[in-house]
Each structure stands twice: as structure tokens, then as C-alpha cells.
Amino acid sequence: MKKLALIAVLFIGIILFWAVEDMPAFGDPDAPANQYVAQMYIERTLPDIGIDNIVTAILASYRGFDTLGETVVIFTAGISVILLLRRGEQL
Amino acid sequence: MRENVVIRTVSRLSIPFIQLFSLYVIVHGASGAGGGFQGGVVFAASFILMLIAFGLSGIRGRISEKGTMVLAATGVFIYAGIGLLCILFSGNYLAYAAIESALGIPHLHGLLIDLVEAGIGITVMAVMTSIILDFADKEGNIRD
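Residue numbers (numbering that gives the first Met the number 0), protein chains in the order written: chain A, 0 to 90; chain L, 0 to 143.
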């Protein structure tokens with residue numbers, strides 16, 4: 000069984016290493032990941048929002064609703080820990 | 000650990016700088032590397048250091064369980080309130096550009112992003128501190 004697992008791992012590993020050759024180079028502007036919406040964010044962050052940091056522009060403005068959800072998730076996690084662990088009578 | 004004078008002195012010296020740095024990280028979110036999540040965690044780290052070095056009795060009056068809960072709700076309220084403010088200025092929810100064009104103030108968009116980041120930072124700081132307060136016992140030791 001151990002030998003079978005080792006063979007499976009090696010097999011999948013060789014396939015993955017073989018596929019690495021077809022990946023675009025790091026930071027390649029023609030790579031598919033850099034072709035679609037990333038271009039638009041880079042071009043329009045400064046005229047649309049007027050701040051330098053593209054990451055913050057996406058996080059807090061273009062996808063502000065998503066970040067609001069993340070904040071509520073953290074808030075909910077804090078409430079859950081209080082419900083499970085706090086032993087005092089009052090909050 | 001509270002008997003160790005080195006730990007207490009170093010903590011007392013470094014906590015103000017940690018908190019100042021975390022405020023810098025939060026405010027710097029719009030123009031460089033930074034943001035509410037990172038800054039809030041750094042601020043909470045200063046409270047955790049305070050708790051470990053001085054114990055629960057040493058931080059009494061500075062942070063409390065009730066205070067952290069109120070702050071956590073305040074942060075979410077700031078974020079959601081700015082979203083509702085955009086609706087009042089006849090825009091979509093969280094569309095800050097509506098406020099900017101209605102008031103005609105340049106760079107207001109970036110300032111609103113900073114405000115939102117501050118809300119995130121308050122929530123993250125309060126939740127992290129609240130969790131570590133729940134884990135600590137009366138002497139300030141972290142329960143296993």
C-alpha cells in the first residue's frame with residue numbers, strides 16, 4: 000500500500016513538473032492572468048479613485064461590499080468565541 | 000512572568016511604539032502598503048503583550064471585555080454607516096464616488112477609504128483583544 004501511494008505521488012508530481020514548462024513566465028504581461036480585469040484596475044484606479052495604492056482601491060472601493068462581509072465575519076467570530084468561552088454573567 | 004523586571008520594562012517601553020506603528024499602518028492604507036486588517040492586528044498585539052507582561056489586573060482600566068465588544072460593533076457600524084451615507088447622497092451602497100461628486104470635494108474618495116479602513120482596524124483590534132481576554136485567567140496566564 001505504501002509503495003502504491005509513493006508511485007501515485009511520484010506520478011502526479013512528474014505530471015505537475017511537466018506542466019510547469021507551459022506556464023507563462025513570472026510577471027509576463029501577455030499571461031492570461033494579466034489580460035482581463037487587472038489591466039482595467041491599473042488604468043482606472045488613479046482617475047476613478049485618486050489614490051496610489053491599487054490593492055487598497057480594489058479592497059475598499061471596487062470590492063467594498065466583499066470587504067464589509069469580511070469585517071462582519073471577523074465580528075461574528077468574536078461573538079462566537081464570547082458565547083463559547085466567556086464565563087461571566089454580564090458581557 | 001510579571002516578576003521579571005526586564006520584561007516589564009521592555010514592554011512598557013515598546014507598547015507605545017507598537018501602537019503608534021499600527022496607527023501608521025492603518026492611516027497609510029490608501030497610499031502605500033498597509034490597511035485596516037494589518038493595523039488592527041498589530042494594535043491587538045500591543046494589548047496581548049500588555050496582558051502577558053502585566054496580567055489582567057495590570058490592564059484593568061485600559062481595556063475591558065465590555066469595551067472590546069462595544070468597539071467591535073462600532074467598527075462594523077462605521078463601515079456600514081458610510082455605505083448608507085452613499086445611499087443618502089443618491090448613489091449605490093458603498094459607492095463613495097456619489098458623496099465625492101455631491102459635495103464637490105476633491106480626494107474625498109481616498110479619505111472615505113481611510114475611514115472605512117479605520118472601521119476595519121477597530122473591529123479587528125477589538126475582536127482579537129476580546130478573544131485573548133477570554134483565554135486568559137485572572138492572573139493573566141493563557142489557559143491551555
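Positions of the beta carbon are idealized from the N, C-alpha and C atoms, including for glycine.
Would you check if the distance between the CB atom of residue i and the CB atom of residue j is smaller than 9 Å?
| i | j | result |
| --- | --- | --- |
| A/T55 | L/I119 | no |
| L/A125 | A/G77 | yes |
| A/I50 | A/Y40 | no |
| L/G74 | A/F74 | yes |
| L/L55 | L/A117 | no |
| L/L107 | L/Y95 | yes |
| L/D133 | A/V80 | yes |
| L/F36 | L/V123 | yes |
| L/A90 | L/A97 | The sequence shown places Gly at residue 90 of chain L, not Ala. Yes; because the gap between Cβ atoms is below 9 Å, this pair is in contact. |
| L/R11 | L/A72 | no |
| L/E2 | A/R85 | no |
For residue i, which residues in the same chain have their Cβ closer than 7 Å to its Cβ, ignoring the five residues on either side in sequence?
| i | result |
| --- | --- |
| L/A101 | F88 |
| L/I81 | L111, L114, V115 |
| A/S60 | I48 |
| L/I62 | F46, T128 |
| A/T91 | Because chain A in this structure spans residues 0 to 90, residue 91 of chain A falls outside the shown range and cannot be described. |
Is residue i helix, strand or coil when you go by DSSP?
| i | result |
| --- | --- |
| A/A7 | helix |
| A/A18 | helix |
| L/A32 | coil |
| A/A24 | coil |
| A/A30 | coil |
Got a sec? Which residues, its chain only, sit under 8 Å from residue i by beta carbon, not counting five neighbours each side?
| i | result |
| --- | --- |
| A/D27 | N33 |
| L/I14 | S45, L48, M49 |
| L/L83 | Y92 |
| L/H27 | G33 |
| A/I11 | none |
Given residue i, which residues of its chain have a CB within under 6 Å of its CB, disregarding the five upstream and five downstream residues?
| i | result |
| --- | --- |
| L/G38 | S21, V24, I25, G120 |
| L/T67 | A125, T128, S129 |
| L/G109 | A29 |
Using the Cβ count rule (16 or more neighbours within 10 Å means buried), how would you classify residue i?
| i | result |
| --- | --- |
| L/E99 | buried |
| L/I130 | buried |
| L/S30 | exposed |
| A/L83 | exposed |
| L/I77 | buried |
| L/T8 | exposed |
**Asked** Quick one: complete alpha helix (DSSP H) runs, 4+ long, within the stretch 63-133 of chain L?
**Response** 64-87, 96-102
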